[in-house]
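Quick mapping for you: the protein sequence lines, in order, are chains U and C. For the first sequence, the working numbering gives the first residue as 379, with consecutive numbering after it. For the second sequence, the working numbering gives the first residue as 5, with consecutive numbering after it.
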Amino acid sequence: SQTIHQWPATLVQPVGSPLSLECTVEGTSNPNLYWYRQAAGRGLQLLFYSVGIGQISSEVPQNLSASRPQDRQFILSSKKLLLSDSGFYLCAWTMTGSNSPLHFGNGTRLTVT
Amino acid sequence: GQNIDQPTEMTATEGAIVQINCTYQTSGFNGLFWYQQHAGEAPTFLSYNVLDGLEEKGRFSSFLSRSKGYSYLLLKELQMKDSASYLCAVRDPSYGQNFVFGPGTRLSVLP
């Protein structure tokens, strides 16, 4: 069966510091991978998605970036965090070319102080 | 463009039935998905409709009318643990096969 791992679970970082969140998927090949952010009491905002290694599409221009160095690995990064980057970050995957649902990791709660 | 609407909050009593509505306007349609999200946790998949009609999964059922751009999630025999947010999402092929999420409906189940 497929599983998705996301870490860390919580993170407190000062403004201006770098960020690296990692997500890996097991039990499937060539998944579509996604990064979402959910601000407190708000809906899910799509940040990045990837349909293959090295292929990243950005939905929201901001100081975040994403990379997919391996088939089942997706990384969210920032060189300098802003206060507005605080939120709940969710990695998700779905099978390519099908109507399968999104499956989410457990999420990372980021607080920028 | 894409737009998905859901009621912000609903309240129901333990043991009752509740219906959570979702209306959508998207450029394309390739399935409608319902998720449950408990406070502080990630969303978990509940149900999926791609054709018109009712899909039943235990206490949860989901209905879709593509011509009306409308879906609902029906929760029967409500339990306290059903208190959560319920998210409606549409997979839109004109949006790179990405999922467009509604704002979510926060359901409170009272004893």
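C-beta atoms are modelled at their ideal positions from N, C-alpha and C, and glycine is treated no differently.
Nearest-angstrom beta carbon gap, residue j and residue i [assumed within contact, 8 Å]
i              : j              : result
I8 (chain C)   : V94 (chain C)  : 6 Å
L36 (chain C)  : S75 (chain C)  : 5 Å
N410 (chain U) : T486 (chain U) : The Cβ separation is near 20 Å, so there is no contact.
Q40 (chain C)  : T27 (chain C)  : So it is not a contact: roughly 19 Å between Cβ atoms.
Buried versus exposed, by CB contacts within 10 Å (16 or more), residue i
i              : result
S31 (chain C)  : exposed
I21 (chain C)  : exposed
L488 (chain U) : buried
T388 (chain U) : exposed
A465 (chain U) : One detail in the question is off: residue 465 (chain U) reads as Gly in this sequence, not Ala. Counting Cβ neighbours within 10 Å, G465 (chain U) comes out buried, since at least 16 surround it.
Q101 (chain C) : buried
V390 (chain U) : exposed
Q416 (chain U) : buried
Q433 (chain U) : exposed
Cβ shell of residue i (< 7 Å), same chain only, five flanking positions each side left out
i             : result
L58 (chain C) : S65, F67
A46 (chain C) : none
D56 (chain C) : L68, S69, R70
Residues of its chain near residue i, where Cβ-Cβ distance is below 8 Å and the 5 sequence neighbours each way are ignored
i              : result
K61 (chain C)  : L50, S51
I453 (chain U) : S398, L399, E400, C401, A444, S445, R446, P447
H481 (chain U) : Q380, I382, A470, W471, T472
S478 (chain U) : T472
L460 (chain U) : V393, N441, V490
G106 (chain C) : I8, D9, Q10, C26, Y28, L91, C92, A93
Reference residue i; option with closest CA among the options
i              : options                        : result
Q83 (chain C)  : C:G108, C:T17, C:F33, C:R110   : C:T17
Y412 (chain U) : U:A418, U:V438, U:P392         : U:V438
A418 (chain U) : C:G108, C:P115, C:V113         : C:G108
P97 (chain C)  : C:V54, C:A43, C:H42            : C:V54
G421 (chain U) : C:L91, C:P115, C:K85, C:A43    : C:L91
V429 (chain U) : U:G483, U:D449, U:L461, U:L459 : U:D449
A458 (chain U) : U:G465, U:L442, U:Q451         : The sequence shown places Lys at residue 458 (chain U), rather than the Ala named in the question. Checked all of U:G465, U:L442, U:Q451; the closest Cα to K458 (chain U) is U:L442.
Q440 (chain U) : U:S456, U:G432, U:I431         : U:S456
L468 (chain U) : U:I431, U:Q423, U:S435, U:Q391 : U:Q423
L79 (chain C)  : C:R63, C:F33, C:K85            : C:R63
Q451 (chain U) : U:Q391, U:S407, U:V390         : U:S407
K85 (chain C)  : C:S69, C:D56, C:G5, C:P115     : C:P115
Q6 (chain C)   : C:W38, C:H42, C:G73            : C:G73
W38 (chain C)  : C:G19, C:L77, C:G44            : C:L77
Cβ neighbours of residue i in the same chain (closer than 6 Å, five flanking residues each side left out)
i              : result
D463 (chain U) : V490
S112 (chain C) : T15, S87
R110 (chain C) : E13, S89
F103 (chain C) : A93, R95
S435 (chain U) : Y427
Below-9 Å beta-carbon distance, residue i vs any chain A residue
i             : result
N34 (chain C) : Of the protein chains in the structure, U and C, none is chain A.
Closer than 7 Å, Cβ to any Cβ of chain U: which residues of the stretch 102-113 of chain C, in chain order?
N102, F103, F105, G106, P107, G108
Residues of the stretch 42-69 of chain C in Cβ contact with chain U at a cutoff of 7 Å, in chain order, please.
A46, P47, F49, Y52, V54
Please list, in chain order, the residues of the stretch 420-441 of chain U that have any C-beta partner in chain C closer than 9 Å.
R420, G421, L422, Q423, L424, Y427, V429, S435, E437
The stretch 461-482 of chain U: which residues have C-beta closer than 7 Å to a C-beta of chain C, in chain order?
L468, N477, P479, L480, H481, F482
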